[in-house]
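**Student:**
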Amino acid sequence: MNPRILASTTERVLGQLRHDKRTLALIVIVPALLLTLIYYVFDDNALIFNHVGLIMLGIFPFVLMFLITSIAMLRERTTGTLERLLTTPLAKLDLLFGYAFAFGLVAAVQAVVLTAVAYWAFNLSIAGSVWLVVLIAVADAILGMAIGLFASAFARTEFQAVQFMPAVVFPQLFLCGLFAPRAEMVGVLYGISKVLPMTYAVQALEEIGRHPAATAIMWRDLGIIVGAAVVALALAAATLRRRTD
Amino acid sequence: MDVAIAVDDLVVKRGGRLVLAGVTAHLPAGSITGLVGPSGSGKTTLMRAIVGVQKIESGTVTVLGKPAGHPVLRRTVGYLTQAPSVYSDLTVRENARYFASLYPGMTKADVDKAIADVGLADAADQLVGTLSGGQRSRASLACTLLGEPRLLVLDEPTVGQDPVLREELWQRFGELAANGTTIVVSSHVMDEAGRCQRLVMIRDGAIIADDTPAAVRVATGTDDLEAAFLTLIRDPSRAGGSPGIRDTSRAPTPRAVDDRRDATEGTVA
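Note that the protein sequences, when read in sequence, are chains R and B. Residue 89 is where the first sequence starts when you use the numbering used here, and the numbers rise one by one after that. Residue 710 is where the second sequence starts when you use the numbering used here, and the numbers rise one by one after that.
1. Does DSSP classify I214/R as helix, strand or coil?
2. Would you say E295/R reaches chain B, if we count a Cβ-Cβ gap shorter than 8 Å as a contact?
3. DSSP three-state label for T98/R, please.
4. Distance check for T245/R and M161/R, CA to CA, integer angstroms please.
5. Is there at least one Cβ from chain R nearer than 8 Å to D798/B's Cβ?
6. I'd like to know if S240/R contacts chain B, where contact means its C-beta is closer than 8 Å to some C-beta of that chain.
7. Buried or exposed: A209/R, going by 16 or more other Cβ atoms within 10 Å of its Cβ?
8. What does Y788/B pair with, by DSSP beta-bridge criteria?
9. How many whole angstroms separate the CB atoms of D983/B and T790/B, which I take to be in contact at a CB cut-off of 8 Å?
10. Pull out every residue of the stretch 747–764 of chain B whose Cβ sits closer than 8 Å to any Cβ of chain R, in chain order.
11. Does the CB of E865/B have a neighbour CB from chain R at under 8 Å?
12. From this set, A317/R, V318/R, K282/R, A289/R, which residue's C-alpha is nearest W307/R's C-alpha?
13. Please compile the residues from chain B whose C-beta is within a distance smaller than 9 Å of the C-beta of E246/R.
14. Just the Cα atoms here: how many angstroms apart are T816/B and T167/R?
15. In angstroms with no decimal places, state the Cα-to-Cα distance between W219/R and K764/B.
16. Mind checking which residues open and close the beta strand (DSSP E) that includes T733/B?
17. Starting from D309/R, follow the alpha helix (DSSP H) in both directions and report where the run begins and ends.
18. Under a three-way DSSP split, which group does I714/B fall into?
19. Check whether the Cβ atoms of S849/B and T753/B lie closer than 8 Å to each other.
20. Chain R partners of V786/B, CB-CB under 8 Å?
21. Check the Cβ of E171/R against every Cβ in chain B and list those closer than 8 Å, keeping chain order.
22. So F150/R and L231/R are in contact, right, with Cβ under 8 Å, and what is the actual spacing, rounded?
23. Cβ of L736/B within 7 Å of any heavy atom in the ligand SAM?
24. Could one say the Cβ of L178/R lies closer than 8 Å to chain B's Cβ atoms, at least one of them?
25. Look at the alpha carbon of I136/R and the alpha carbon of Y128/R, and state the distance between them as a whole number of angstroms.
26. Would you mind sorting Q880/B into buried or exposed? The rule is 16 or more other CB atoms within 10 Å of its CB.
27. Cα separation between D900/B and S797/B?
28. Report the three-state DSSP secondary structure of M89/R (helix, strand or coil).
29. Please report how far the alpha carbon of A243/R lies from the alpha carbon of T839/B, in whole angstroms.
30. Give me the Cα-Cα distance between P776/B and V200/R, rounded to the nearest whole angstrom.
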């Protein structure tokens, strides 16, 4: 890796987003609007909103970043810019971390806005620090991004790429404890839920919701999320081939 | 002669089809070599193999003394793909600045010069997505010229450009070659082929002629390269009369200036 190339790649990805104001607006506004919708769905039940709303703070960034990065990377492949980049001194990790930093920054803005809306507009009550919620949300966004970069290697077209979203995201959504408590799942499902990274994002958020101070479980969960993101990035790097057919 | 590119017995298959069937060619340093041949003949595949992005079946490709695709070469080889590969959601300048940043020591002045060289100075701050097709290819070319490459592999760099721009681009290529840059250019336009010091003609994945434009004209008995090309494509045995044909180790003598004058005379308008 080369700091100059990494910095310019980050700047380049941010530059592309800067020219695409509508995408930027969608990234920041859509999750907040969806949270508003959920708030009114559970209008008369603050208890449920406290649970579901909190979990959503981890899910929205994951899903959105997964989608955006898998399309962005697919575009690099289909427009030939990826092939060109790989003939230059750029290292694969310069490219992947360039995306990670650029989208990580956008994810941080998204997480702050989303958490602020939940906290101040809808009085989401959590025992722990709101900044820990933001931290988990950003880590989760980076995880979604890393998995998106990896998944894009298996898509030839945009049609295929968007369908990786339900394929990769929905099982995690069903098993993370949002719909049914994981403890009540049959053995096999519980076992599967233990290897899906989103499970730990949800668990970490629930820990912050219940405990005034950061717990050891929360830190461990954060470690698992970051570790899964690193593994996904490494796999994504392995799928970038300088020599193709 | 100082060999910049040595291709030996190169065999490439794509999608089960034999695209290059044992190609051998040695290209001298600091020269402009034109790669011509019908669509689908294997020009792009040969260029990809030289750049080192093409999986090969057998044979060797040595570029500036290193195997093609060697990490050291990434700093010295510039590759222009046939389809423009630039970011359409960035301006010309932003694209050029980004690709310049991948090489050490590139300055703002280098970026401006590359943009001016391809005649896009006035459109520098326009989004690439809003440019015409020809302008877009030139934006892509500007990004390839950055980083002071010692070898330029250009896949149809002048397609869709008007005659004035083509003239300017070829002048620029000539300057680069005069300064020691080796250039490989593929083209469909035969009056451009005449500007090369050397012509490599490919048909069905095999080299059917490898010589100076002048020698190709002599071998085919025509002053017109377009006609020479058609003759060779239809009847490769005609190439037998040319001294350099199939003798790929022989370097053409540097008669670039003369050749270029000949070419202009023998050009299809």
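Even for Gly, the Cβ is constructed at its ideal location relative to N, Cα and C. The model shown is predicted, which means the values in this text are computed figures rather than measured ones.
**Tutor:** Well, looking at it:
1. coil
2. Output row for E295/R: interface = no.
3. helix
4. Their backbone Cα atoms lie some 11 Å apart in a straight line.
5. Chain R, which has a Cβ nearer than 8 Å to the Cβ of D798/B, makes this yes.
6. Under the 8 Å criterion on CB atoms, S240/R is classed as non-interfacial with respect to chain B.
7. With fewer than 16 Cβ atoms within 10 Å of its Cβ, A209/R is classed as exposed.
8. Here Y788/B is bridged, per DSSP, to V862/B.
9. The structure shown does not extend to residue 983/B, since chain B spans only 710 to 978, so no value can be given for it.
10. Listed in sequence order: V760, G761, V762, Q763, K764.
11. no
12. Nearest C-alpha to W307/R: A289/R.
13. Residues of chain B passing the Cβ test: none, with the nearest at roughly 15 Å.
14. Roughly 27 Å separates the two Cα atoms.
15. 49 Å
16. 726–737
17. 304–327
18. strand
19. no
20. T175
21. V762, T790, S794
22. 6 Å
23. As far as ligands go, the structure on display features none, and thus does not contain the ligand SAM.
24. yes
25. Roughly 11 Å between the two C-alpha positions.
26. exposed
27. 31 Å
28. DSSP, read as helix, strand or coil, puts M89/R in coil.
29. 27 Å
30. 50 Å
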